[in-house]
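Heads up: the sequence shown at position 77 corresponds to 81 in our numbering, and the numbers run straight through without jumps.
Even for Gly, the Cβ is constructed at its ideal location relative to N, Cα and C.
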Amino acid sequence: MLSKNERWLLSFYRTSEINGALFFGRLARALRPGPIQADMTRHFADESQHARYWTDCITTLGSEPLKLRDAYQDQYLEAGGMPVNLMEILAVTLVFERRVVGQYVTHSKVPDLKQPIRDTLDKIMDDERWHVSWVGGALKELEKTWGEDEVARTLKRYTDADQEVYRKTLAEHEHIIGELMSFRAK
Ligand SMILES: [Fe+2]
Ligand SMILES: [Fe+2]
């Protein structure tokens, strides 16, 4: 069985994956056909599958997903400002995807992790690594148009936003995340 805190965290992941799928899906709809749109389409399909994997994981462990408010991604846009062009969109995406990979890697180090959770994290992480890699590559290409400095400045802006949002999320949910991830402090 899932503890109350585990149920919350897996539901948080699930909601975040759904929001990711919708965010990237809308972008794919808006973009012109080409390699970036093709990768963006694969990307939003992955995030949809991840939401499904978390639903399966939660139900396999005899629980039901929780309905959570507040999309984590929306807070990024509030803190860092709405991206207004493709370069900024890819920058906020890269920062967000790095955060997701970091969180999943940290979670996978929790000792005595339930097998369905471990299996789900492993399955998802392969895709998340590809997300970081294709977005990073596409952003590198855009340096030719925007210049290295402008891309670096934009990444810094969203990295700062990420830290602010993550600090806020940690502060709000410290009792939950703290208990599950407390092995880190040992
Ligand atoms: Fe994902
Ligand atoms: Fe992702």
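- Glu-21 places its beta carbon less than 8 Å from that of His-54.
- The alpha-carbon of Leu-70 is positioned some 26 Å away from that of Gln-167.
- Taking a contact as a CB-CB distance under 8 Å, the pair Gly-84 and Val-96 counts as one, their CB atoms being some 6 Å apart.
- In chain order, the residues with a C-beta atom nearer than 5 Å to some heavy atom of ligand 1 are Glu-21, Glu-51 and His-54.
- Every alpha helix (DSSP H) of 4 residues or more that sits fully in the segment 51-86 is shown, in chain order, as 76-84.
- Distances taken from the Cβ of Gly-85 to the heavy atoms of ligand 2 include none shorter than 7 Å.
- The nearest non-hydrogen atom of ligand 2 is less than 7 Å from the C-beta of Glu-132.
- Apart from sequence neighbours up to five positions away, the residues of its chain that approach Thr-59 with a beta-carbon distance below 7 Å are Arg-18 and Pro-69, ordered along the chain.
- In this structure, the alpha-carbon of Asp-116 lies about 17 Å from that of Ile-180.
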